[in-house]
Amino acid sequence: GAVVSQHPSRVICKSGTSVKIECRSLDFQATTMFWYRQFPKQSLMLMATSNEGSKATYEQGVEKDKFLINHASLTLSTLTVTSAHPEDSSFYICSARTLSGGALDTQYFGPGTRLTVL
Amino acid sequence: GDSVTQMEGPVTLSEEAFLTINCTYTATGYPSLFWYVQYPGEGLQLLLKATKADDKGSNKGFEATYRKETTSFHLEKGSVQVSDSAVYFCALTGTNAGKSTFGDGTTLTVKP
């Protein structure tokens, strides 16, 4: 149980285009999803917290107009990288917290999306 | 704010050797503590967790005990295998809106 999927797993795009990444909780409902970015050989950096039915909360230094987050339902959150540039190339990982869980419950992670901007 | 400090890597061991990866934390309140494992090109998988002081999390031969007095959550395994080669992350989820804080990760390589 508690499976989180991401799509696509890998995407290559041209500079200036927009890319959408989907994060789905497959067998549970998640009121809260998190989006992380991971650079090679580094730890995860929290970008934003996505709450179903409300606006996402972005971490300091993360451009909300560049990284658009939509939490449309209890099982789906999307991250859109707008006007992508090579410096946006990274590994993006989402996670979801179960609906019945409290604030300290386990997050379940998706497999990640490798974005390469040419 | 919350922080997690992990033993620096990389760590290279021979098969069947004993593993310890140190992790210490600072946090307000009573966080939950986690160890995650990441294989190349993949996301994070929960390895084990502990939610209160003196709890011991265990899974697949790995163990870690929540030590509030030393603010530590060291990961141990008595006999590592080649398949344990991966990056290990220590993390906490605190009372700050339930956000998680991760350590920098420790790369483990086990040689046959």
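Protein chains in written order, with the numbering used here: chain L, 1 to 118; chain R, 119 to 230. Note that the Cβ used here is the ideal one computed from N, Cα and C, for glycine as well. This structure is a prediction, so every number in the text was calculated from the model and none was measured.
About 7 Å separates the Cβ atoms of V4/L and L26/L, confirming a contact at the 8 Å cut-off.
For Q38/L, the enclosing beta strand (DSSP E) stretches over residues T32 to Q38. Listed along the chain, the chain L residues whose CB falls inside 8 Å of the CB of F207/R are S43 and L44. With a cut-off of 8 Å on Cβ pairs, the segment 74-84 of chain L is in contact with the segment 20-36 of chain L, counting three or more such pairs. For E133/R, the closest C-alpha among the options S218/R, C208/R and V200/R is that of V200/R. Under a 10 Å Cβ-count criterion, Q6/L is classified as buried, with 16 or more other Cβ atoms of the shown protein chains found around its own Cβ.
Going by C-alpha positions, E59/L is about 32 Å away from S203/R. Along the segment 58-69 of chain L, none of the residues has a CB nearer than 8 Å to a CB of chain R. Taking 8 Å as the cut-off between beta carbons, the residues of the segment 152-163 of chain R near chain L are F152, Y154, G159, E160, G161, L162 and Q163, in sequence order. The beta carbon of F220/R falls within 8 Å of a beta carbon belonging to chain L, placing the residue at that interface. Taken through DSSP and simplified to helix, strand or coil, V205/R comes out as strand. The residue among C13/L, V11/L and V19/L with its C-alpha nearest the C-alpha of T78/L is V19/L. At least one beta carbon of chain L lies nearer than 8 Å to the beta carbon of G223/R. For E87/L, the three-state secondary structure derived from DSSP is helix.
Listed along chain R are E160 and G161, each with a C-beta nearer than 7 Å to that of G112/L. Contact of K195/R with chain L is not assigned, every C-beta pair being separated by 8 Å or more. Here V198/R carries a coil assignment [DSSP, helix/strand/coil]. Secondary structure note for V11/L: its beta strand (DSSP E) is the uninterrupted segment R10 to C13.
In the structure shown, E59/L adopts coil according to DSSP, grouped into three states. Within the segment 162-185 of chain R, L162, Q163, L164, K167 and T169 place their CB atoms closer than 9 Å to a CB of chain L, listed in sequence order. The beta carbons of L44/L and Q38/L sit closer together than 8 Å. Nearest Cα to A209/R within the set A135/R, L131/R, L162/R and Y157/R: L162/R. Within the segment 71-100 of chain L, contact with chain R at the beta-carbon level (separation under 9 Å) is assigned to F91, I93, C94, S95 and R97. With a 10 Å radius around the Cβ and a threshold of 16 neighbouring Cβ atoms, L166/R comes out buried.
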